[in-house]
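Asks:
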Amino acid sequence: MDEDSLSRRRLLGALGTALAGAAAGCTIDSPGMSTETPAETPGAEAGTPAPGSEASGSPAGSVEPDAETGNRQLRDETAEASSAVTDVYREVVDSVAAVRAASPGERAASGTAWVYDEDTLVTNEHVVSGADAVSVFFEATGWLEASVAGTDVYSDLAVVETDGMPETARPLELATVEPPIGTRVVAVGNPFGLTGSISTGVVSGRNRALPAPNGFSIPDAVQTDAPVNPGNSGGPLVDMDGTVVGVVNSGGGDNIGFAISAAMVRRVVPALRSSGNYEHPYMGVSIQEVTPRLAAANGLQVARGLYVHEVVEGGPSEGVLRGTTGTERIDGQQVRAGGDVIVRMGRTDIYGQQTLSTFLALETSPGDTVEVTVLRGGDREQVLLELGARPDPE
Numbered sequence: 001m002d003e004d005s006l007s008r009r010r011l012l013g014a015l016g017t018a019l020a021g022a023a024a025g026c027t028i029d030s031p032g033m034s035t036e037t038p039a040e041t042p043g044a045e046a047g048t049p050a051p052g053s054e055a056s057g058s059p060a061g062s063v064e065p066d067a068e069t070g071n072r073q074l075r076d077e078t079a080e081a082s083s084a085v086t087d088v089y090r091e092v093v094d095s096v097a098a099v100r101a102a103s104p105g106e107r108a109a110s111g112t113a114w115v116y117d118e119d120t121l122v123t124n125e126h127v128v129s130g131a132d133a134v135s136v137f138f139e140a141t142g143w144l145e146a147s148v149a150g151t152d153v154y155s156d157l158a159v160v161e162t163d164g165m166p167e168t169a170r171p172l173e174l175a176t177v178e179p180p181i182g183t184r185v186v187a188v189g190n191p192f193g194l195t196g197s198i199s200t201g202v203v204s205g206r207n208r209a210l211p212a213p214n215g216f217s218i219p220d221a222v223q224t225d226a227p228v229n230p231g232n233s234g235g236p237l238v239d240m241d242g243t244v245v246g247v248v249n250s251g252g253g254d255n256i257g258f259a260i261s262a263a264m265v266r267r268v269v270p271a272l273r274s275s276g277n278y279e280h281p282y283m284g285v286s287i288q289e290v291t292p293r294l295a296a297a298n299g300l301q302v303a304r305g306l307y308v309h310e311v312v313e314g315g316p317s318e319g320v321l322r323g324t325t326g327t328e329r330i331d332g333q334q335v336r337a338g339g340d341v342i343v344r345m346g347r348t349d350i351y352g353q354q355t356l357s358t359f360l361a362l363e364t365s366p367g368d369t370v371e372v373t374v375l376r377g378g379d380r381e382q383v384l385l386e387l388g389a390r391p392d393p394e
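Right under this line is the structure:
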């Protein structure tokens, strides 16, 4: 896909779809300001010196000592913050490269990559998808030929290899814990081909879902208000220690950008380096979040969990989980009924699609057997489900 063709409007629409129902490992079934004239000071008498007059001992327009101290402190804090961003930039920029990916008959795509180890860089899958020639640009070396070592469309991650990595390009460290909301972050990349650019912001949200093929989603994404534009894709989103908290995926509009989480990178990239691909866990069910109407139709006291509408024939859940068997009329509408309601996977309570999506993506692998707790016919039951591997995109 051509990076420059990514549309924020399309991304927001697709994101809304993903947030409304995409879960990893399972597909989703859709059913002025005013001014006032200052009043005279009460009790003031004629002939009383006004504040700031000679009689008051303080020249008009002067700044009180406390105010001056506050202004100086603000200037110092601003300078300190600016210095911190500069320090992060200097620490990270030599490890960030521009990417150019050429495909037959198409305009070359551009993006960003960052150094993962001595000869490997990480970028987005959509930056290098379908490319037959890839090159990376470092300020210290200029353009270098590169090759795609592995891609994963379901996480939008890719690994690129190159020889002759500059000595100044050190591997960047991946975060081991989720960044708290409000964490200051810096996005380093090549927006619109402007190499070595940075933008700053904070982590403004976590555990977001981004759209992926076949009705699946990329879970656990980081949201930021750092400006992100075409060309930033694949670049690092780092905290003030220069640690990568995410891989920039897309911009969704003014003050909204998204990054693939460091936790997802930790799971996917090693497999891409070793085998060129990554297998995602797969349940083989169509699900939807339990609404009050679904709860009423299925005799549930609380509208919580995930309702199994359909079990994929021949999939991992066939014979283990149950789908819709009929409908009930609720508030004048026909509502699905009879399917299992998933309320727990392993030791994780399932409140909705995001919980399940993140659990499957970060805590399970194909071949794992997971205890699934379901509400079935008014009873709470536990069943064992062996996860499969997600089919390739169609």
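For the sequence shown, our numbering gives the first residue as 1, with consecutive numbering after it. Heads up, the beta-carbon is just placed ideally off N, CA and C, and yes, glycines get one too.
Using the rule of at least 16 other Cβ atoms within 10 Å of the residue's Cβ for burial, across every protein chain shown, is proline 179 buried or exposed?
Replies: Residue numbering aside, residue 179 sits at position 179 when the sequence shown is read from its first letter. When all chains shown are included, proline 179 counts as buried.
Asks: Helix, strand or coil: which one does DSSP assign to phenylalanine 216?
Replies: Residue numbering aside, residue 216 sits at position 216 when the sequence shown is read from its first letter. Three-state DSSP puts phenylalanine 216 in coil, outside helix and strand.
Asks: State the DSSP-derived secondary structure class of aspartate 152, mapped to helix, strand or coil.
Replies: Here residue 152 refers to the residue found at position 152 when the sequence shown is read from its first residue. Strand.
Asks: Could you tell me whether the segment 354-363 touches the segment 262-282, where touching means 3 or more Cβ pairs closer than 8 Å?
Replies: Yes: at least three Cβ pairs fall under 8 Å.
Asks: DSSP three-state call for tyrosine 400: helix, strand or coil?
Replies: With the chain running from 1 to 394 in the structure shown, residue 400 is simply not present.
Asks: For glycine 388, does the three-state DSSP call read helix, strand or coil?
Replies: Position 388 of the sequence shown, counted from the start, is the residue given in the question as residue 388. Strand, per DSSP.
Asks: Could you check if phenylalanine 138 belongs to the surroundings of the ligand NAD, using beta carbon to heavy atom distance under 7 Å?
Replies: This structure simply doesn't include the ligand NAD, nor any ligand for that matter.
Asks: Taking the alpha-carbon positions, what's the alanine 281 to leucine 384 distance?
Replies: Numbered from 1 along the sequence shown, position 281 holds the residue referred to as residue 281. Numbered from 1 along the sequence shown, position 384 holds the residue referred to as residue 384. Before going on, a small fix: residue 281 reads as proline here, not alanine. Their backbone Cα atoms lie some 15 Å apart in a straight line.
Asks: Taking buried to mean at least 16 other C-beta atoms within 10 Å of its own C-beta, is glutamate 167 buried or exposed?
Replies: The count along the sequence shown starts at 1 and reaches residue 167 at position 167. Exposed is the call here.
Asks: Is DSSP giving threonine 243 helix, strand or coil here?
Replies: Here residue 243 corresponds to residue number 243 of the sequence shown, with the count starting at 1. Threonine 243: coil per DSSP, three-state reduction.
Asks: Decide if aspartate 254 is buried, meaning its Cβ has at least 16 other Cβ atoms within 10 Å, or exposed.
Replies: Counting from one through the sequence shown, the residue named residue 254 turns up at place 254. Its Cβ having fewer than 16 others within 10 Å, aspartate 254 is exposed.
Asks: Using 8 Å for Cβ pairs, my map puts isoleucine 218 next to isoleucine 260. What's the rounded Cβ distance?
Replies: Indexing the sequence shown from 1 puts residue 218 at position 218. Indexing the sequence shown from 1 puts residue 260 at position 260. Confirmed, about 6 Å.
Asks: Should the segment 201-208 be called in touch with the segment 107-118, which here means at least 3 C-beta pairs below 8 Å?
Replies: No: fewer than three Cβ pairs fall under 8 Å.
Asks: Going by DSSP in three states, glycine 305 sits in which element: helix, strand or coil?
Replies: Residue 305 sits at position 305 when you count from the first residue of the sequence shown. Residue state, collapsed to three classes: coil.
Asks: Since arginine 90 sits in a beta bridge, which residues does DSSP pair it with?
Replies: Here residue 90 corresponds to residue number 90 of the sequence shown, with the count starting at 1. BP columns for arginine 90 are empty, so no partner.
Asks: Near proline 59, what residues of its chain come up, given a Cβ to Cβ distance below 6 Å and the 5 sequence neighbours on each side ignored?
Replies: Counting from 1 along the sequence shown, the entry for residue 59 is found at position 59. Unreliable placement is indicated for proline 59, whose pLDDT of 43 sits below 50; the coordinate value is still reported in the next sentence. Around proline 59: no qualifying Cβ.
Asks: Can you tell me whether DSSP reads glutamate 363 as helix, strand or coil?
Replies: By one-based count along the sequence shown, residue 363 stands at place 363. Of the three classes helix, strand and coil, the one that applies to glutamate 363 here is helix, per DSSP.
Asks: Rounded to whole angstroms, what is the Cα-Cα separation between glutamate 139 and glycine 319?
Replies: Position 139 of the sequence shown, counted from the start, is the residue given in the question as residue 139. Position 319 of the sequence shown, counted from the start, is the residue given in the question as residue 319. Cα-Cα distance, rounded: 58 Å.
Asks: Using 8 Å as the Cβ pair cut-off and three pairs as the minimum, do the segment 145-157 and the segment 182-198 touch?
Replies: Verdict: no, contact absent.
Asks: So glycine 257 packs on valine 244, CB below 8 Å; how close in whole Å?
Replies: Working through the sequence shown from its first residue, we reach residue 257 at position 257. Working through the sequence shown from its first residue, we reach residue 244 at position 244. Between valine 244 and glycine 257 the Cβ distance is about 15 Å, and since that is not below 8 Å, they are no contact.
Asks: Would you call the segment 225-233 and the segment 272-291 in contact, with 3 or more CB pairs under 8 Å?
Replies: Counting Cβ pairs under 8 Å, fewer than three are found: no touch.
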